[in-house]
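> Take this structure, written in structure tokens, and hold onto it; I'll ask about it next.
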Amino acid sequence: MLVSMGPLSLALAANVDESNHIETLKVTSRYSVQPIEFTVTLPPNYSHNSDQGYVVLFDFHPRSRAYLDGMHDWMSHNGAWPWLETIIVTAPDGSEPLGNMKTAAIEEQGDTQLLDFMQQALLPAIDANYRTNGFRIFNGFTGNAGLVLYTLINRPELFNAYFAASPVLSQDFAYVIKDAPKKLAAMQGRPRFLLMSTSDSDFEQRQLADFALMEQVLTTNATKTLDYHIKRFDGSYYMTQPILATAYGIERLFNDYHQVLSADSAISKRGSDAIIAHYRYLSEEKYGFDVPSTESLIALAEAEFAKNEAKGLVVYQAAVSANPNSHTAHDALAGAYGKMKQFDKAIKHEKLALEHTDHPFWTRKYSQNLAAFEAKKAL
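Count along the sequence shown starting at 1, add 81, and that's the number in this note's numbering.
Have a look at this one:
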């Protein structure tokens, strides 16, 4: 029988490397005499955006830090698209206590030491020391991917998204396949995301039968709570798998955040209220942080305005009401008023657009729009 962990002391981050945004987080728990030191890689803008909360991605492999950091930097530097700015946490190399916990999870059915450590020590330590926003991704390759699946089926609430690249599942690895049918069927609560991927490389051949079996288990037993995706990267190299899986997983996971609903989408066809409800679901249920409806409402407004100005104007107004601090919503509404020659209202909302941004590109654009409205009013 496992002994409960009892009180925890969460050590502060230390050994800060300002140039690379890398820190060491020492996590104390009942399972280790000495603190276990995890590597934390912060987004480049972390120290400047003091009021922003961040997604967390965790990976057990210490060498994953380099490729995750590089991919994240490239995929997030262009307006956090398609990868929202993320705090990356990776495990130490050769930690005996952590290794023992992983071995117990793999070999002893029902053992929960690893899950308890993550839930009661590691994740609280990350949240206590960094500005997290509550959204967490668990990333893993081969054996660590097997532990990703083990965590998903045994304690899905620990992470919001799970990326399992080329998971080891053979020989009852962590009893994942044996335990999955019942536990997947019972899964409830907030939405969870899973990407499970593999390829036909020589090194993965011995796992393909169990991969197919796990895919069947998911198809048969997963509830609507789990948004799962199966991906084959056949024809690619074995060591390329975690990179392909991470990139693909990030794109699929955050697609709802980045993808603007077209005016003829099923949701948009039901009107602005349906769009607002959809983004409320994304904000409150899927992600747990604000996902603005602005661009999708503007897309519908533009389409409606082209057919009927009065109906289109109502949708523009809904965009401002739903996103009152959005400079793009105010600018779009100003543009609609301008086309309707209601220049006082156009000027009012263009000024509000200027108030809600200090970005040089937008301030220049909105200032030009404002000057044009003022000139037309003066005629």
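Just so you know, even glycine gets a beta-carbon here, dropped at the ideal spot from N, CA and C.
(1) Hey, which unbroken runs of the alpha helix (DSSP H) at 4 residues or more fall wholly within the segment 340 to 373?
(2) Assign methionine 421 to one of three DSSP states: helix, strand, or coil.
(3) Determine whether the beta carbon atoms of alanine 71 and phenylalanine 454 lie at a separation below 8 Å.
(4) Where in the segment 277 to 313 do unbroken runs of the beta strand (DSSP E), each at least 3 residues long, occur, reported from the N-terminal end onward?
(5) Go to phenylalanine 454, then tell me how far its alpha helix (DSSP H) extends in each direction, as first and last residue.
(6) At 4 residues or longer, and completely inside the segment 167 to 206: list those alpha helix (DSSP H) runs for me, N to C.
(7) Helix, strand or coil: which one does DSSP assign to phenylalanine 335?
(8) At what residues does the alpha helix (DSSP H) containing proline 230 begin and finish?
(9) Tell me which same chain residues have a C-beta within less than 6 Å of the C-beta of threonine 304, skipping the five on either side of it?
(10) Between which residues of its own chain and alanine 92 is the CB-CB distance below 8 Å, once the five residues before and five after are set aside?
(11) Could you please give me the residues that DSSP links to leucine 149 through a beta bridge?
(12) What residues are listed by DSSP as bridge partners for tyrosine 243?
(13) Taking just the CA atoms, how far does phenylalanine 292 sit from proline 248?
(14) For arginine 271, does the count of other Cβ atoms within 10 angstroms reach 16, so buried, or fall short, so exposed?
(15) Determine the burial state of aspartate 439: buried for a count of at least 16 other Cβ atoms within 10 Å of its Cβ, exposed for fewer.
(16) Under three-state DSSP, which class holds aspartate 132?
(17) I'd like to confirm the pairing. Which residues does DSSP put opposite phenylalanine 386 in its beta bridges?
(18) If you draw a straight line from the alpha carbon of alanine 399 to that of serine 349, how long is it in whole angstroms?
(19) List the endpoints of the continuous alpha helix (DSSP H) containing valine 257.
(20) Put leucine 106 into one of helix, strand or coil per three-state DSSP.
(21) When you compare only the Cα positions, how much space is there between leucine 394 and valine 401?
(22) Please identify the residue among Ala186, Leu138 and Gly151 whose C-alpha is closest to the C-alpha of isoleucine 168.
(23) Are alanine 246 and glycine 215 closer than 8 Å when you measure CB to CB?
(24) Distance check for phenylalanine 274 and threonine 300, CA to CA, integer angstroms please.
(25) List the whole-angstrom C-beta distance separating glycine 316 from phenylalanine 244, where the pair is believed to meet the contact cut-off of C-beta under 8 Å.
(26) So if DSSP puts phenylalanine 119 in a beta bridge, which residue, or which two residues, is it bridged to?
(27) Would you identify the three-state DSSP class for leucine 250, choosing helix, strand or coil?
According to the structure shown:
(1) 353 to 362
(2) On the sequence shown, residue 421 is found 340 positions in, with the first residue counted as 1. Note: methionine 421 maps to coil in three-state DSSP.
(3) There is simply no residue 71 to check, as the chain begins at 82 and stops at 460 in what is shown.
(4) 307 to 313
(5) To locate residue 454, count along the sequence shown from 1; it is residue 373. From DSSP, the alpha helix (DSSP H) with phenylalanine 454 extends over 441 to 459.
(6) 177 to 188 and 194 to 198
(7) Counting from 1 along the sequence shown, the entry for residue 335 is found at position 254. Looking at phenylalanine 335 - three-state DSSP - the assignment turns out to be coil, as it is neither helix nor strand.
(8) Position 149 of the sequence shown holds residue 230. Per the sequence shown, the amino acid found at residue 230 is leucine instead of proline. Leucine 230 -> alpha helix (DSSP H) spans 224 to 235.
(9) What you label residue 304 is simply residue 223 of the sequence shown in a count that begins at 1. The residues are Met268.
(10) If you number the sequence shown from 1, residue 92 lands on position 11. Because alanine 92 sits at a pLDDT of 44, beneath the cut-off of 50, its placement in the model cannot be relied upon, and the following sentence gives the value as read from the coordinates. Excluding residues within five positions, the ones whose Cβ falls inside 8 Å are Leu106, Lys107, Val108, Thr109, Pro116 and Ala206.
(11) Translated into the one-based positions of the sequence shown, residue 149 becomes position 68. DSSP lists no partner for leucine 149.
(12) In the sequence shown, counting from the first residue as 1, residue 243 sits at position 162. Partner(s): Phe219 and Leu275.
(13) Translated into the one-based positions of the sequence shown, residue 248 becomes position 167. Translated into the one-based positions of the sequence shown, residue 292 becomes position 211. So the two alpha carbons sit approximately 8 Å from each other.
(14) Residue mapping note: residue 271 aligns to position 190 of the sequence shown, counting from 1. When all chains shown are included, arginine 271 counts as exposed.
(15) As a working mapping, residue 439 is identified with position 358 in the sequence shown. Flag for aspartate 439 reads exposed.
(16) Position 51 of the sequence shown, counting from 1, holds the residue named residue 132. Three-state DSSP puts aspartate 132 in coil, outside helix and strand.
(17) Taking the sequence shown and counting its residues from 1, the one referred to as residue 386 is at position 305. None; phenylalanine 386 has no bridge partner.
(18) Within the sequence shown, residue 399 is the residue found at index 318, counting from 1. Within the sequence shown, residue 349 is the residue found at index 268, counting from 1. Whole-angstrom Cα-Cα distance: 13 Å.
(19) Residue numbering aside, residue 257 sits at position 176 when the sequence shown is read from its first letter. Valine 257 -> alpha helix (DSSP H) spans 257 to 266.
(20) Within the sequence shown, the letter at position 25 stands for residue 106. Correct three-state label for leucine 106: strand.
(21) Reading the sequence shown from its first residue, position 313 is the one you call residue 394. Reading the sequence shown from its first residue, position 320 is the one you call residue 401. Their Cα atoms are separated by approximately 11 Å.
(22) Locating residue 168 in the sequence shown gives position 87, where the first residue counts as 1. Of the listed residues, the one whose Cα sits closest to isoleucine 168 is Leu138.
(23) Taking the sequence shown and counting its residues from 1, one reaches residue 246 at position 165. Taking the sequence shown and counting its residues from 1, one reaches residue 215 at position 134. Contact flag unset, no.
(24) The count along the sequence shown starts at 1 and reaches residue 300 at position 219. The count along the sequence shown starts at 1 and reaches residue 274 at position 193. Roughly 14 Å between the two C-alpha positions.
(25) Start at 1 with the first residue of the sequence shown, and residue 316 comes out as number 235. Start at 1 with the first residue of the sequence shown, and residue 244 comes out as number 163. That pair is no contact at about 20 Å.
(26) Position 38 of the sequence shown, counted from the first residue, corresponds to residue 119. Its beta-bridge partners are Leu106.
(27) As a first step, residue 250 is located in the sequence shown; it is residue number 169 there, counting from the start. Leucine 250 falls in the coil class under three-state DSSP.
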